[in-house]
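Please read the structure below before turning to the comments.
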Amino acid sequence: MIRHDALDALPVRTALPGLDAALEGHGSAVLVAPPGTGKTTLVPPALAGLLDDGRPARRVVVAEPRRIAARAAARRMAWLLGERVGESVGFTVRGERVVGPRTRVEVVTTGVLLQRLQRDQELAGVDVVVLDECHERHLDADTVAAFLLDVRAALRPELRLVAASATTDAGGWARLLGGAPVVEAAGVSYPVEVVWAPPTRPVRPPHGMRVDPVLLTHVASTVRRALAERPGDVLCFLPGVGEITRVAGQLGGLGDVDVQQVHGRAPAAAQDAVLAPGTRRRVVLATSVAESSLTVPGVRVVVDSGLAREPRVDHARGLSALATVRASQAAGRQRAGRAGREAPGAVYRCWTEAEDGRLTRFPAPEIKVADLTAFALQAACWGDPEATGLALLDPPPGGAMAAARAVLSAVGAVDAAGRATDRGVRMSRLGLHPRLARALLDATPVVGVERAADVVALLSEEPPREYGDDLAGAWRTARRGGDAYAARWRTESRRLRSAAAGAGTAPRHASSADSSSSPASPAGISSAVSASSPSSASGSSSSASGSGSSPSRSAGPGRRPPGPDGGERADAGAGARVRAEPGDDGAAGLVAALAFPERLARAQGGSHLMVSGTRAEVGEGSVLRGAPWLAVAVADRPVGRGHARVRLAAVVDERTAREAAAGLRAEGDEVHWAQGDVVARRVERLGAVELAVRPLRDAAPGLVREALLEGLREEGFGLLRWSPDAEALRRRLAFLHGRLGDPWPDVSGEALHARVEEWLEPELSRARRRADLARIDAGQALNRLLPWATGEAARLDELAPERIEVPSGSRIRVDYTDPGQPVLAVKLQEMFGLHASPAVAGVPVLVHLLSPAGRPAAVTADLASFWKDGYKGVRAELRGRYPKHPWPEDPAAAEATRYTNARLRR
């Protein structure tokens, strides 16, 4: 029996006439309804004609971003209708489907709907699709919206679409839906008091997955404070399962208060218990899954840590994972609204009011920050490899799409034009990230579908930390475990076995002729390392549809399908070439290696070097320490550490590494400058990992030349032979370039490197090693840069003479070390009779006047002034020390000399 009293109490009921009119007139609408108004639980059955209010019978599909929300929404709608789930209202999530022949409202995850659209673009039998919680901007949800708009435009204009959310960019969605009307529902707004409760001690900002324990201790104390100050249940938001566990551990001794946890990994029974009214007061510790869609009854207080998790890609290390970030203002409003759904409440925010104004307004759209490999495969299977024809609120970043397409090409999912191959279509229907799909397809012929599915299921959802970092050991723990993770793992493994069989994987002992040709290319994987790993190995994977509809090989609506051969590439069946079927440890290693070939890592110098070039360290006491090769499935970067940290890996041997990463193997001559000389080697490598090295005696001259240039860049042109004359020539040229500019050449190190072909050939082309460089006369080579063509080279000695003749007749070398002012160091007596300082290129030289012993006596650029003012002091100081040398009273009129008085008298 329909619970009309409960339905009539939902405020969104007043918006139904406007929603009906919008769908009738435009075919789509944006529904904006505050939390608690019933948009998720009343609108779908109303649109389906299940409320006995005269609306026509329709089949409605509701897309929710999370499994927990999909199950909860279906159960709530069934309760309102007085039925059990599976009658008029059912749900489908990955690994679980509860629907019946009379089902008119089906709640699915966006991943399930995405898979269903790929199989049946027309969505035969579906009249209305409701996209719930659009504001969360999950990648699957954005993709589903784009595909549905394509379907309406090309195949089914009568298909009705509703974009529904409590807080959303209504104008943006309205424009995306072609000018759809915006229907707003007024909610019952219970006041929520904001209590600013920042930590009293400094808290380090989140980094990667790390959250400062000081903040978690403060959150736990704030929960205790809220329990003491306010009535009702307390809902506490934390970024992840680890933080929930740690805060739960600090909330012991609460007496008659139950502590419950709700997150995506919690068992269905635990999730159901949280969503049902409690018999005692409760503290519910939740991730962002409780921000929307779910009503936790009895909550009057929210404690908000202010943190959330979003996918991020570490391009420098080729690692992708979830990262802890500050929650947006929109998320803060959603969380606070949980306290005011049933009555006035309060929110304790664990940050300052000033900080709140600096938070981002909305969370980052997942399409902007996540790995796009799965999205790119979906777009390719839809018939739009570039995703340029899809109606998206935000276009995918070009770099991330290029990296994604490179991965897809490397695993044989797309052809050279980016179109999905038959293999790519099979991969897309496995409900996995393309990397994991590749591992399942290629490992099955070697290890069997059961073991391949088992390991891929482990990689789809990272095992709990207590399972350890050994993938094979975690597999054994899951098989004998009775915890919630083990139950989910077994369910997912069964689903993957069925999906693999449906996708047409090769039998266990398929011949190499059938499945061993690998399309992987070094360029394909290596260029895509930075944006190809799923978050925790599954961040962007799509769910299986379980729809039962037959596969369709057509391209997206209104698009031309691939050619007759589908653009098919040979399967990336690296696994099929591995020797006889391995044991469990070998199977775990093979699957991980096939999924993440660029994370294969070889022991080197106390750590492991990944094929990608990233170094990774294994924790103390791990069974993985000392393993010559690892297939790393999960790694992160600890705070303040330069190397990655292995969180989950399997031991493999070199042969498995070679075969699984065959597309990354390369062999060639490598000639470079190392340890002060040219090193020539023939190297076989997997990416950055060297497999075999042998000396190369006949390296190509061009490679040697580049290595010599590398040495000159690293160590400078001091590697050449610089005679005093050569060094003097370089300084003279530097002076002229600084004073006169062109055509006198710039002889700085950077400029000489830029013109090396002009002045150092052919000497450089004949050199083979460091010793050959040391025999090159640098001065002779520099002469090639003189402006011979203009005739200016002949003026070198005129403009920047190497020596200047002084009054004594001596020819004194000019020092051009300072290109701004040359220096002439000469004995004072040799300059008698000279009234003005010498000049070069119009610049007076700086005269260093020396004593008879060659020590500096005075420095001047104005000789006339020195004779007049400075000489008297120098004469008084030195003539007693050097009485044998002339010290005339009037040096300007005296005769210059190189000799003593006795020599002059003779």
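Taking my numbering, the leading residue of the sequence shown gets -11, the next gets one more, and so forth.
Cβ atoms here follow ideal geometry from the backbone N, Cα and C, with glycine treated the same way.
Asked: Proximity to ARG115 [Cα-Cα], best of GLN109, LEU102, PRO169, ARG46; Found: It should be noted that the sequence gives Asp, not Arg, for residue 115. Of the candidates GLN109, LEU102, PRO169, ARG46, the one whose C-alpha sits nearest the C-alpha of ASP115 is ARG46.
Asked: Contact belief for GLU110 with LEU149 at Cβ below 8 Å, rounded distance in angstroms; Found: Contact doesn't hold; Cβ gap of about 14 Å is too wide.
Asked: Backbone CA spacing between LYS860 and ILE764 [nearest angstrom]; Found: 50 Å
Asked: Neighbour-count burial assignment, LEU28, 16 or more Cβ in a 10 Å radius; Found: The identity of residue 28 in the sequence shown is Thr, whereas the question assumes Leu. Burial call: buried.
Asked: One or two residues paired with GLN248 in a DSSP bridge; Found: VAL272
Asked: Identified DSSP bridge partners for ALA813; Found: HIS836
Asked: Beta-carbon proximity of ALA21 to ALA173, cut-off 8 Å; Found: yes
Asked: VAL692: first and last residue of the uninterrupted alpha helix (DSSP H) it sits in; Found: 689 to 703
Asked: Best match in CYS224, PRO89, GLY593 for proximity to GLY113 [C-alpha to C-alpha]; Found: PRO89
Asked: Within 8 Å, strictly: CB atoms of VAL50 and VAL86; Found: no
Asked: Other residues of its chain near ALA781: CB distance less than 7 Å, five sequence neighbours each side excluded; Found: LEU774, PRO775
Asked: Member of GLY228, MET389, LEU239 whose CA lies at the smallest distance from the CA of ARG314; Found: GLY228
Asked: Cβ distance (whole Å) where ASP221 is taken to contact GLY266 below 8 Å; Found: 7 Å
Asked: Neighbourhood of VAL287 by C-beta, 8 Å cutoff - its chain only, sequence neighbours within 5 removed; Found: GLY220, ASP221, VAL222, LEU223, VAL272, ARG326, ALA327, ARG329, GLU330, GLY333
Asked: Three CB pairs or more closer than 8 Å across the region 464 to 472 and the region 579 to 589; Found: no
Asked: The region 614 to 623 contacting the region 589 to 599, beta-carbon criterion three pairs below 8 Å; Found: yes
Asked: DSSP-derived helix/strand/coil call for MET598; Found: strand
Asked: Beta-carbon contacts of ALA722 that lie in its chain and below 6 Å, excluding the five residues immediately before and after; Found: VAL735, PRO807
Asked: Continuous alpha helix (DSSP H) stretch holding TYR473: start and end; Found: 472 to 490
Asked: Enclosing alpha helix (DSSP H) for PHE350 [first to last residue]; Found: Taken as a continuous stretch (DSSP letters only), PHE350 belongs to no alpha helix (DSSP H), as it is neither H nor E.
Asked: Option nearest VAL185 by Cα separation, candidates GLU341, PRO194, GLY237; Found: Looking at the sequence provided, one finds Ala at residue 185 rather than Val. When only C-alpha atoms are compared, the closest one is GLU341.
Asked: Exposure of VAL73, with buried meaning 16 or more beta-carbon neighbours within 10 Å; Found: buried
Asked: Residue range of the unbroken beta strand (DSSP E) whose run includes CYS369; Found: CYS369 -> not in any beta strand (DSSP E); alpha helix (DSSP H) instead, spanning 361 to 370.
Asked: Nearest-angstrom Cα separation, counted from LEU39 out to ALA511; Found: Residue placement at ALA511 cannot be trusted, given a pLDDT of 33 that sits under 50; the coordinates are not used to answer.
Asked: Proximity winner among ALA431, ASP573, LEU752, relative to ALA648 (alpha-carbon distances); Found: ALA431
Asked: Alpha carbon of PRO683 to alpha carbon of ARG670, nearest angstrom; Found: 6 Å
Asked: Candidates PRO750, ARG869, ARG709, of which the one nearest GLY767 by Cα; Found: ARG709
Asked: Cβ neighbours of ALA687 in the same chain (closer than 7 Å, five flanking residues each side left out); Found: ASP657, VAL659, ALA668
Asked: As assigned by DSSP and simplified to three states, the class of LEU717; Found: helix
Asked: Burial state of ALA604, where buried means 16 or more other Cβ atoms lie within 10 Å; Found: buried
Asked: Contact check, LEU674 vs ARG701, beta carbons under 8 Å; Found: no
Asked: First and last residue of the uninterrupted beta strand (DSSP E) at VAL182; Found: 180 to 184
Asked: SER481, buried or exposed, once every other Cβ within 10 Å from all chains shown has been counted against 16; Found: buried
Asked: Separation of ARG125 from LEU7, as counted between CA atoms; Found: 23 Å
Asked: Close Cβ partners of ALA895 (< 6 Å) along its chain, the five nearest in sequence each way excluded; Found: The chain is shown only over -11 to 894; residue 895 falls outside these bounds and no answer can be derived.
Asked: Nearest residue (CA-CA) to SER316, options VAL290, ALA352, ARG801, LEU381; Found: ALA352
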